[in-house]
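K.L.:
Sequential numbering from 14 applies to the sequence shown in my numbering. Let me give you the structure first, and then I'll get to my questions.
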Amino acid sequence: MANSTGRSLVIVESPAKARTISKYLGKGYQVEASIGHIRDLPGGAKEVPEKYKKEPWAYLGVNTENDFEPIYIVPADKKKQVNKLKEALKGADNLYLATDEDREGEAISWHLQEILKPKVPVHRLVFHEITKEAIQTAIESPRQIDAGLVDAQETRRILDRLYGYDVSQLLWKKVGRGLSAGRVQSVAVRLIVERERERIAFHDATYWDLEAAFETSDRESFTAMLTSVDGRRIPAGKDFDATNGKLKNADFLQLNESEATELAARLRTAEFNVTKVEVKPFSERPKAPFTTSTLQQEANRKLGFTARRAMQAAQKLYENGYITYMRTDSTTLSKEAIGAARDLVRSEYGDSFLHPTVRVYANKVKNAQEAHEAIRPAGTPFRVPQAVRGELDSDQFRLFELIWKRTVACQMADAKKQRISVTIEGDGAVFTASGTSILFEGFLRAYVEGSDDPEAELANKERLLPAMSQQDRLMASNIDPKSHTTQPPSRYSEAALTRTLEEKGIGRPSTFASIIDTIQKRDYVYKKGTALVPSWTAFSVIRLLETHFGPLVDYEFTAQMEDFLDTISRKEAERLEYLKRFYFGDDGAEANGEAIGLKPRLENKVEEIDPRTTAKFTLGTPTTGEHREEVFVRVGKYGPFIEQGERRGSIPDGLAPDEMNLVKALELLEQSAVEEEPLGIHPETQKPIYVKVGRFGPYIQLGENDDEEKRNQSLLKGMAVEDLTLETACKLLLLPRTLGTNPENGEPVQAFDGRYGPYVKCEKETRSLPAGVSPLEVTFDEAITLLKQPKTRGRAAPKEPLRTYEKPSPVTEQEVKILDGRYGPYVTDGETNASLRKGMEPNEMTFEAALDLLAERAAKGPTKKKKKATKKKATKKKAAKKKSAKKKTTKKKGTVKKK
């Protein structure tokens, strides 16, 4: 054995975590990163070890014939890191495995031990925050690798491989290549598809009521809504059946427009009295500290972050020692954390805002990960947000502030409120008004769920009514009919999907971000604003799975699989029997529960499944017109299309399934029929000209589809397909038009229709055409006049700001405003411009958020630096060539020496 060096090797997952931990350990420790997993199942046939390649199960990377033994390999991109860790282990007296404390982290530690084969003592370090105290405590009390957690992770990996690989291959054959299935992924898609089915089946209903403006004897006004007339209740949206749009209770009074107008006229002369005043005090308690799931939901609602963006920011905050471990199902806090939160309540808000006793939040999920704390600021006492603002980027700071406020608020006093309801009657009509007033803000002073601005939210939550007593007379100053239309159920947002998956016990919150990413990458789902919309491909896949593999997308069955993994992690169950029943089935028993028999079921279904059935969705049969055959949406290998007999029609991108009905389908079929018939023949080329509709709108095509020299040209802005003539189409095909030769430089002057509108160009000079001037009609003289004018940014006069803030910039002391730019909205302080990120709404952006964007952009330096970077890049390129030549020579010499 090598002589003792007195040095210990500590291995964590990420370089950032390694850097932070090394700050807290002395010279006797070397901290290295595994950079995630160093060993895994083969990623494809090429990675399967040669000795297994002929085995029937080799494609799975799991030996299904020998107790589901996983075949692990070190991926090519990890071999260098493994060698580095082996080298670092040489001469070390101890090996500390300090990977994350969840199943994945435990598995990484186990794989490291298996690969490195250390001959020195191995210690497992566990800590939920990266602070000096936490690291020191972990070093002083290490433990062994938890076999239960490793087994649970390995079983999950095997289950996911069996499900994912085998079912995905079936989808490739029956639906289309590039698709995938997954234990949690497919269930998440099913939820989104089911919600869209509800929207498709939804029938709206329109109903009317009255809104009245009343005045008290003190001339104080308020509004109230009609709730009943002559003893019959006025319905609300929930009183209508979503499947047929009819009232659930026939005794309710559904007013139409004329009836509501007549009633309003009658009641304008009526006398009104207050018949009832109810005051109900109530309390609102703060929410529990964040778990992984609730953090993702709140970051989505309040900050507009996707689940992935929230987790990326949280990961950086954890690795750099700002928050505790961010993958947790627990809502508990340590005694030290509770003490730190309560101290902050006293110092920041005062004793009256502190809850008299320590608040304890019960955990909802029974599993191995409950050993963690909730997500909170790291260390004690907690650092206040302003103290770390300069150390964090915008995303990290906003998320840290959210976590800090939620943690502190959880130990604050209840908010005290009262709800006041007033009933007003006159001439057989009953109106009601309700208001809420906040008697004591309590925790709302620090944190209001779903809002970035607690003060503004406090104002919004209060609706004060004038003081009134029973029998008070009121004057109706105005009574107006109001129309309402029932709305279909809302689509899932990322936050709502995350919440539903967690409520159903499906998957782990730490995996939700990657699942939501995956279903979008596979084109199962796309976003419309914040809503998740399923594609027709998703409809086809889910129908196939529901029809032929029901348990695989059954919510209860999937949740039970998760429960089983938890029992393994707690060492309460063995996995082998479960895997056998799941994969091979149970002879003599029906395939229910866990005895699904995936392998035999797949073998039986390959011939049985008819893709023409699973990928066909009826829209109905027209009763008029020339074509009377049934109309379908079909999902083909190249995407969805409309089919009616021999007729076909393409479906435009972004048209949601609930917007597709028989009327729309017939319209698209007619449009496609027009595309198949040429508009006419080009007089010079003698080629047909077609009018087509593509992803980006209508365009014309010169030549047949298989013509290698065919040309496309978009219609000009404002042009309608129905108004397009052969003459106009021929003019469009002349673009870019050459108008003449510039006498000053001998270069051609041309007119173009570009991405941002029409313009003229001569050499490198371009000028946008004024509004109303077409590139088809602009003359040479007009173009020359435009080119001689000084260049201005944009074609039109400067637009009005989308928003202007009252306070000036603390940096430039100039006005801060949001403008509508060429590439979308951006914020400016007169010196720095910063684009708004996707999903940011100008009207909702706070002054602080605007300053954050500007600071972030300013930190990157001025835009002109790009030019310098280009020059440097070019220089580097030349240098690289020399370097590479030297390298080759050295290599040759080295080879000779070696021989």
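No residue lacks a Cβ here, since even glycine has one placed at the ideal position from N, Cα and C. Predicted, not measured: the structure shown is a model, and the values here were computed from it.
Pull up the DSSP beta-bridge partners for Gly-441, would you.
P.N.:
Answer is none; Gly-441 lacks a bridge partner.
K.L.:
On the criterion of 16 or more Cβ atoms from any shown chain inside 10 Å, does Thr-33 qualify as buried, or is it exposed?
P.N.:
Thr-33 is buried by the Cβ-count criterion.
K.L.:
Roughly how many angstroms lie between the CA atoms of Leu-204 and Ile-532, to the nearest whole one?
P.N.:
If you take the alpha carbons of Leu-204 and Ile-532, they lie about 12 Å apart.
K.L.:
Just checking, does the stretch 221–240 make contact with the stretch 445–459 on the three C-beta pairs under 8 Å criterion?
P.N.:
Segments in contact, yes.
K.L.:
Between which two residues does the beta strand (DSSP E) harbouring Glu-291 extend?
P.N.:
Start and end: 285–297.
K.L.:
With distances taken Cα to Cα, identify the nearest neighbour of Ile-51 among Glu-26, Ala-58, Thr-845 and Glu-776.
P.N.:
Comparing Cα-Cα distances from Ile-51 to each of Glu-26, Ala-58, Thr-845 and Glu-776, the minimum goes to Glu-26.
K.L.:
For the pair the stretch 268–278 and the stretch 388–405, tell me if three or more CB-CB distances fall below 8 Å.
P.N.:
The answer is no - the stretch 388–405 does not touch the stretch 268–278, with fewer than three Cβ pairs under 8 Å.
K.L.:
So the alpha helix (DSSP H) Leu-352 belongs to, where does it begin and stop?
P.N.:
The sequence shown places Gly at residue 352, rather than the Leu named in the question. That run of the alpha helix (DSSP H) goes 348–362.
K.L.:
In terms of residue numbering, what span does the beta strand (DSSP E) encompassing Pro-494 cover?
P.N.:
Run containing Pro-494: 486–498, per the beta strand (DSSP E) assignment.
K.L.:
Among the residues of its own chain, which have a CB less than 6 Å from the CB of Tyr-539, if the five just before and after it don't count?
P.N.:
So the list reads Val-546, once near-sequence residues are dropped.
K.L.:
Just list the residues that DSSP pairs Val-23 with in beta bridges.
P.N.:
DSSP lists Val-44 and Tyr-109 as partners of Val-23.
K.L.:
Can we say the stretch 179–199 touches the stretch 142–157, given the rule of at least three CB pairs closer than 8 Å?
P.N.:
Touching, no.
K.L.:
Using only the alpha-carbon positions, how far apart do Pro-821 and Arg-402 sit?
P.N.:
Approximately 20 Å, taken between the alpha carbons.
K.L.:
Pairs of beta-carbons, one from the stretch 570–578 and one from the stretch 147–161, closer than 8 Å: are there three or more?
P.N.:
No: the two stretches stay apart, fewer than three of their Cβ pairs being nearer than 8 Å.
K.L.:
So, Ala-544 versus Ser-506, is the Cβ gap smaller than 8 Å?
P.N.:
In contact: Ala-544 and Ser-506 (Cβ atoms closer than 8 Å).
K.L.:
Use the C-beta contact count for Met-858: other C-beta atoms within 10 angstroms, 16 or more gives buried, fewer gives exposed.
P.N.:
Result: buried.
K.L.:
Use the C-beta contact count for Ala-58: other C-beta atoms within 10 angstroms, 16 or more gives buried, fewer gives exposed.
P.N.:
With fewer than 16 other Cβ atoms within 10 Å, it is exposed.
K.L.:
With DSSP as the reference, label Gln-157 as helix, strand or coil.
P.N.:
If DSSP states are grouped into helix, strand and coil, Gln-157 belongs with coil.
K.L.:
Along the alpha helix (DSSP H) that carries Met-574, what are the first and last residues, could you check?
P.N.:
Where Met-574 is concerned, the enclosing alpha helix (DSSP H) stretches over 568–582.
K.L.:
For a test of the three-state rule: what should DSSP assign to Lys-890, helix, strand or coil?
P.N.:
Confidence in Lys-890 is poor, its pLDDT being 39 and thus under 50, which makes the residue's placement unreliable; the coordinate value appears in the next sentence. In this structure, Lys-890 counts as helix in the three-state DSSP scheme.
K.L.:
For Met-339, which residues in the same chain have their Cβ closer than 6 Å to its Cβ, ignoring the five residues on either side in sequence?
P.N.:
Contacts found: Ala-327, Tyr-331 and Ile-388.
K.L.:
What's the C-alpha gap between Lys-300 and Ala-426?
P.N.:
Taking the straight line from one Cα to the other gives about 12 Å.
K.L.:
Can you check which of these residues, Ala-273, Asp-222 and Phe-215, is closest to Thr-256 by C-alpha distance?
P.N.:
Measuring from the Cα of Thr-256, the nearest candidate turns out to be Phe-215.
K.L.:
Would you mind listing the beta strand (DSSP E) stretches within the stretch 494–546 that are 3+ residues and don't spill past its ends, in chain order?
P.N.:
List check, beta strand (DSSP E) in window: 538–541.
K.L.:
Work out the CA separation of Glu-82 and Glu-119 for me, nearest whole Å.
P.N.:
Each residue's Cα considered, the two are about 19 Å apart.
K.L.:
By the 10 Å Cβ neighbour count, where 16 or more other Cβ atoms means buried, how is Lys-30 classified, buried or exposed?
P.N.:
By the neighbour-count rule (16 or more Cβ atoms within 10 Å), Lys-30 is buried.
K.L.:
Check whether the stretch 335–350 touches the stretch 33–49, counting contact only when three or more Cβ pairs, one atom from each stretch, lie closer than 8 Å.
P.N.:
With a cut-off of 8 Å, the stretch 33–49 and the stretch 335–350 do not count as touching, because too few Cβ pairs lie within range.
K.L.:
To which residues of the same chain is Ala-733 closer than 7 Å at the C-beta, ignoring the five residues directly before and after it?
P.N.:
Correct list: empty, nothing qualifies.
K.L.:
Once the 5 residues before and after Arg-20 are set aside, which same chain residues still bring their CB inside 8 Å of it?
P.N.:
Once the five neighbours on either side are set aside, the close Cβ partners of Arg-20 are Gly-41, Tyr-42, Gln-43, Gly-104, Ala-105 and Asp-106.
K.L.:
So, for Asn-758: in the same chain, excluding its five sequence neighbours on each side, which residues have a beta-carbon less than 8 Å away from its beta-carbon?
P.N.:
Excluding residues within five positions, the ones whose Cβ falls inside 8 Å are Cys-775 and Glu-776.
K.L.:
Looking at C-alpha atoms only, which residue of Glu-386, Gln-309, Pro-369 and Thr-288 is the closest neighbour of Val-139?
P.N.:
Val-139 has its Cα closest to that of Glu-386, out of Glu-386, Gln-309, Pro-369 and Thr-288.
K.L.:
So for Val-135, helix, strand or coil by DSSP?
P.N.:
Residue state, collapsed to three classes: strand.
K.L.:
What does a CB cutoff of less than 7 Å around Leu-514 pick up in its chain, not counting 5 residues either side in sequence?
P.N.:
Around Leu-514: Ala-201, Gly-520 and Phe-525.
K.L.:
Helix, strand or coil: which one does DSSP assign to Leu-54?
P.N.:
Residue state, collapsed to three classes: coil.
K.L.:
Who are Met-853's beta bridge partners in DSSP?
P.N.:
Partner(s): none; Met-853 has no beta bridge.
K.L.:
Under the three-state reduction of DSSP, which class applies to Glu-690: helix, strand or coil?
P.N.:
Of the three classes helix, strand and coil, the one that applies to Glu-690 here is coil, per DSSP.
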